[in-house]
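With the working numbering, the residue at position 153 of the first sequence is 374, and numbering never jumps. Remarks on the structure that follows.
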Amino acid sequence: MPRPAAALLRAITACTGCREAQALHSLACKLGLASDMVISTALLTSYAKRGLVARAQRLFDEMPRRDVVAINAMLAALGAAGRVTDARALFGRMLDRTPASWNTMVTCYCRAGDLTSARDVFESSLRAMSSSVVSWNAMIDGYCKAGRMDAARELFDRMGSSLPDVITWNTMMAGYLRGGDPASAIAMFHLLMRTQQEGEQRLRPTSGTMATVVAACAQVGDLALGRQIHHLIQQKGIWIDTVLSNALMDMYFKSGSVDCALDVFRTIPCSPNLFCWNTVISGLGMNGRGEDAIAAFHDMVQGRGRPNGNSVRPDGVTFVALLSACSHSGLVRVARKFFSQMLPVYGLPPQSEHYGCMVDLLCRAGHVDEAARLVQTMPGRPNAKVLGSLLLDAHVAEGQEGGVRLSEWAARRISKLDLHDGAAYGLSNVYASLQRWDRVEEHRRQVRAAVRHAKGPRRKRPGRALL
DNA sequence: GTAGGGTTAG
């Protein structure tokens, strides 16, 4: 490939924005490289990654010739956009399919939640002798993400001992973790280490393996194992990327080892990204270090805190972390300021979880009336999250009759929401803790009645008010 | 140039 084409290709694969992709596209045209199949395929993928399927499609349609890689790229673009029917049609027209074509279809169906079709395509790929370990991994991941760990495990076991690669193991571990079974994720990690020691050199754990098992340690609260794994990571010289850094920091923060967490933060190999900052801010907050959390926030937006650090734009999660940090440390005035700056300064309209944080914070500080005003003036109808905060926190303002009244107002509003939300069932307990036994019975009757109503033949659409 | 996994809040 001539030098300008190679340079252009590198730029296309590395580019990050829509306008950048468009600029590189027109550059390719001016250089007379637009008809180059490799360049066009890279551009197609670049558009697809930014969610610009229509542009990707046009590029594809205008290609004078299309090889199997170009078609596979288009197939993936359609799949990522959820256009299952179009993907299937294109796949059906393909004369020679590579394993990547089959795998793309499996992933496409899995993402659309159609596991039956995914399984059909997967089995066909086995029959067509066009499968690879990637097909198995894609299918297993589909089951994992659908919460069907039994089916995932069955496939994993069917693979035998030589076919699974480290990604297969990572997928299974992550599946267990996401499915709320961190103990099984840890068990698989031990099994992986044993298998590797028995001579499977392909099964060297990656930073992804370590991130998952560390997250599992954090969930079961096994700091001892977590530390051991941290040592193992250093001993094996596994590269601690931002993902693994986050998992380690999170584990240390959750176990109260703030200094260890900050040590990890200081040694992140590149400039910390949004995820890293969010982890640090929430971690400091949950350890009662509200002032430090706020300082971290300022470092984040100003690009300080690290030599040659970049400025990072906060997102909604950042503000949940920041506001709850304020809440844990009783920093009411600062929280009000940040909350009011969200839209005008940072361009982030407060969501219900942010209102929830503010309600939580105001109630804890005894500003029950202000919390009530906030909920009553928030745009849209307050949902179970916000009302739940109000319900659970308003009576914390002890001895305040207003608090109890507000709690009850929230309870009534919740009972008008969809009861399948689960929040309504928690109500009885709150009443009980308020020692209002008369209301407990009354509420339980309401819940029973509403559930009967919900199960009845005239079931309304879920998510709508029942009363 | 195309196909698979991993981290963050409450």
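Here a beta-carbon is modelled for each residue, glycine too, at the ideal position from N, C-alpha and C.
Requested in this report: Measure the C-alpha to C-alpha separation of A653 and P490 and round it to an integer number of angstroms.
Outcome: Confidence at A653 is low in this model, with a pLDDT of 49, below 50, so its placement is unreliable and the value that follows should be read with caution. Taking C-alpha positions only, A653 is separated from P490 by approximately 51 Å.
Report task. Just mark A437 as buried or exposed, buried being the case when its beta carbon has 16 or more other beta carbons within 10 Å. Result -> buried
Query raised in the report: Quick one: Cα of L175 to Cα of P225, how far?
Result: The requested residue 175 does not occur in the structure, where the chain is confined to residues 222 to 688.
**Report entry** Distance, I292 Cα to L233 Cα
**Finding:** Per the sequence shown, residue 233 should be read as Ile rather than Leu. Taking the straight line joining both Cα atoms gives about 18 Å.
Report task. Between the Cα of D317 and those of L299, S548, T463 and V289, spot the shortest distance and give me the residue it belongs to. Result -> V289
Query raised in the report: Rounded to whole angstroms, how far is the Cβ of S503 from the Cβ of R527, which I believe are closer than 8 Å?
Result: Contact doesn't hold; Cβ gap of about 18 Å is too wide.
Requested in this report: Measuring alpha carbon to alpha carbon, tell me which of A277, M393 and V434 ends up nearest L465.
Outcome: V434
Requested in this report: Check C236 in the structure and name its three-state DSSP category.
Outcome: coil
Query raised in the report: Counting along the chain, where does the alpha helix (DSSP H) carrying C584 start and finish?
Result: S573 to R585
Query raised in the report: Start and end of the alpha helix (DSSP H) containing N499?
Result: N499: member of the alpha helix (DSSP H) spanning L495 to M507, first to last residue.
Query raised in the report: Should M470 be labelled buried (16 or more other beta-carbon atoms within 10 Å of its own) or exposed?
Result: buried
Query - Nearest candidate by alpha-carbon position, reference Q243, set L264, S256 and G368 - result: Checking every option, the nearest Cα to that of Q243 belongs to L264.
Report task. Kindly give me the distance between the Cβ atoms of R423 and D386, rounded to whole angstroms, as I take these residues to be in contact under 8 Å. Result -> Between D386 and R423 the Cβ distance is about 6 Å, and since that is below 8 Å, they are a contact.
Query raised in the report: Which one of N508, R510, M507 and R534 has the shortest CA to CA distance from D520?
Result: R534
Requested in this report: Taking V697 as the reference, give the member of S261, G511 and V625 with the closest Cα.
Outcome: In this structure the chain extends from 222 to 688, so residue 697 is not present and cannot be described.
Report task. Let me know the secondary structure DSSP gives S383 once reduced to three states. Result -> Correct three-state label for S383: coil.
Query - Meets three-Cβ-pair contact criterion under 8 Å: the segment 383-399 and the segment 364-373 - result: yes
Query raised in the report: Is it the case that the Cβ atoms of A308 and C331 are separated by a distance below 8 Å?
Result: Not closer than 8 Å, so no.
Query raised in the report: Taking the alpha helix (DSSP H) that C547 falls in, what are its first and last residues?
Result: G537 to S550 is the span of the alpha helix (DSSP H), which, as asked, contains C547.
**Report entry** Rounded separation between Q417 and F410 - CA only
**Finding:** 11 Å
Requested in this report: Provide the residue span of the alpha helix (DSSP H) that contains E283, from first to last.
Outcome: V274 to E283
Query raised in the report: Taking the alpha-carbon positions, what's the V327 to E629 distance?
Result: 50 Å
Query raised in the report: Which first and last residues belong to the alpha helix (DSSP H) in which T433 is found?
Result: S428 to V441
Requested in this report: Can you grab the Cα-Cα spacing for the pair V553 / S352, in whole Å?
Outcome: Each residue's Cα considered, the two are about 58 Å apart.
Query - Collapsed DSSP secondary structure at V533 in the structure displayed - result: coil
Report task. Assign S561 to buried or exposed, taking buried as 16 or more other Cβ atoms, counted over all protein chains shown, within 10 Å of its Cβ. Result -> exposed
Requested in this report: Determine the direct distance from the alpha carbon of M258 to that of N391, and round the result to whole angstroms.
Outcome: 34 Å
Query raised in the report: Whose C-alpha, out of C578, A310 and L248, is nearest the C-alpha of G551?
Result: C578
**Report entry** Pairwise C-alpha distance: S573 and L311
**Finding:** 42 Å
Query raised in the report: What three-state label does DSSP hand C491 in the structure shown?
Result: coil
Requested in this report: Taking 8 Å as the cut-off, decide whether the C-beta atoms of R634 and L608 are in contact.
Outcome: yes
Report task. Tell me where the alpha helix (DSSP H) around L564 begins and ends. Result -> V553 to Y567
Query raised in the report: Hey, Y567 and M599: beta-carbon distance below 8 Å or not?
Result: no
Requested in this report: With DSSP collapsed to three states, give me the class of A228.
Outcome: helix
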